[in-house]
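When you read off a place in the sequence shown, starting at 1, and then add 1, the result is the number in my numbering. What follows is a short report on a single structure.
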Amino acid sequence: MTLNLTVPGHEDLKPRITVFGVGGAGGNAVNNMIEKQLDGVDFVVANTDAQALSQARAESRIQLGVKVTEGLGAGAKAAIGAAAAEESIEQIVDHLAGAHMCFITAGMGGGTGTGAAPIIAQAARELGVLTVGVVTKPFQFEGAKRMRQAEDGVESLQKVVDTLIIIPNQNLFRLANEKTTFTEAFSLADDVLYQGVKGVTDLMVRPGLINLDFADVRAVMDEMGKAMMGTGEDSGEDRAIQAAEKAIANPLLDEISLKGAKGVLINITGGHDLTLFELDEAANRIREEVDADANIIVGSTLDTSMEGAMRVSVVATGIDARDVQTDIPVPRRKLSEPLATTTSLEAREEPAPVEEAPIAASASHAEAGEERSLFTGFESERAAAEDQMEDIFETEAASDAVPPPAYQP
């Protein structure tokens with residue numbers, strides 16, 4: 002393996018954002034963003050269905066679980082989707098390496114999206130990537146079984162992403178009418194992801210009046226639980242308030258609101274005619290809806306094609322933070338760091354004078370189920386050390402059950 006040790010040039014020192022489409026729904030969402038020419042983003046599509054994968058517009062594709070599925074799909078079984086992702090974990094890590102932020106989009110309820118998305122998200126977290134999940138839930142007509150599987154998938158994904166945005170497909174009926182086609186309805190859901198990603202990336206890569214850096218975005222979205230995305234656009238005299246109102250009231254998202262949000266990212270886009278008063282109006286309208294102590298970060302980008310109009314994009318995080326905080330796992334670690342359990346075992350072995358007892362004797366005592374005899378020789382010398390005795394006991398029991406670590410930290 003060749004290592005590239007060159008220092009990147011200043012032009013390369015910019016945040017790398019990856020959009021990972023998982024399964025059929027995720028692949029369609031990525032195709033929509035590529036069609037709309039979203040800039041500043043790397044696209045990756047992963048699927049167990051080889052036929053669906055061949056229709057992806059993304060250059061980076063991962064055929065998940067060649068041995069498990071043979072390219073025939075997961076059969077709506079989440080366990081197969083998870084096994085396929087685990088089989089292809091090296092390819093997944095290769096596409097995530099070097100990314101600073103990753104949007105993982107998938108449809109919950111099927112096999113690939115439900116099973117593989119949490120595996121991919123966990124890999125991203127262990128690489129230190131800021132991970133945002135954007136998923137859909139099934140229509141009611143798809144049945145209770147598929148909905149239960151979707152809920153299980155959402156619960157699993159919630160534990161391994163920093164921020165999660167849920168779009169129930171049933172909410173598409175709020176915008177659709179009897180003449181709305183199936184394709185048009187799904188494009189509405191895809192637009193939620195497109196506008197959300199665009200709102201975040203534009204703040205960092207497009208020139209503007211108030212530019213933000215990746216650290217600002219991480220401050221709002223890092224380990225914040227449930228979130229919502231909204232975008233509103235309007236023109237005319239009252240465009241600032243109207244655009245902000247539309248951004249707040251996103252009818253497609255899960256039954257959540259800005260109330261109680263702990264972090265808010267606001268992107269206000271307009272042409273050269275955008276005024277300071279309008280920026281103040283839009284930001285204050287959104288501020289009225291969130292927690293008084295929320296971390297609010299406002300940015301403004303310039304789009305010369307929007308003369309006479311303005312767009313407001315909102316990403317609100319930490320909604321119902323008290324409920325979801327317990328679902329967040331231990332803080333992410335780098336893959337290069339040893340597991341905490343390995344470190345604690347090593348630390349416990351140093352002060353323990355276990356080396357004085359022969360190894361063979363220790364093994365024979367363990368096999369006979371007489372672990373307590375390991376410590377009888379130390380009781381006279383350590384009369385008041387009950388806590389240390391418990392540590393030694395736990396260390397010996399662990400070393401008998403688990404082989405020694407393959408590496409030393």
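C-beta: ideal position from N, C-alpha, C; glycine also.
- Taking the Cα of Thr202 as reference, the smallest distance to any Cα among Asp191, Arg219, Ala186 and Ala190 is reached at Arg219.
- Taking Met34 as reference, the option from Val193, Asp304, Glu87 and Ala293 with the minimal CA-CA separation is Val193.
- In the three-state reduction of the DSSP assignment, Pro119 falls in the helix class, which pools H, G and I.
- Around the beta carbon of Asn178, fewer than 16 other beta carbons sit within 10 angstroms, so the residue counts as exposed.
- Taking C-beta atoms as the reference points, Gly319 and Gly200 fail to come closer than 8 Å.
- Gly197 has its alpha-carbon roughly 17 Å from the corresponding atom of Asp235.
- Under the DSSP definition of a beta bridge, Asp235 partners with Met311.
- Beta-bridge partners of Asp43 (DSSP): Thr19.
- Val162: not part of any alpha helix (DSSP H); DSSP gives it neither H nor E.
- In this structure the region 41-58 does not lie against the region 131-142, because fewer than three pairs of beta carbons, one per stretch, are closer than 8 Å.
- If the five residues before and after Met229 are omitted, its C-beta is found closer than 6 Å to the C-beta atoms of Leu254, Ile257 and Ala317, all from its own chain and listed in chain order.
- Listed in chain order, the beta strand (DSSP E) elements of length 3 or more contained wholly in the region 125-153 are 131-138.
- The Cβ atoms of Ala77 and Gly154 do not sit closer than 8 Å to each other.
- Burial state of His96 is buried, judged by a 10 Å Cβ sphere holding 16 or more other Cβ atoms.
- Asp223 and Leu131 have their C-alpha atoms spaced approximately 7 Å apart.
- In the three-state reduction of the DSSP assignment, Asp191 falls in the helix class, which pools H, G and I.
- Around Ala124, the same chain offers Ile90, Ile93, Val94 and Leu97 as residues with beta carbons nearer than 7 Å, after the five sequence neighbours per side are excluded.
- Separation of Ala245 and Val313 (C-alpha to C-alpha, rounded to the nearest whole angstrom) is 6 Å.
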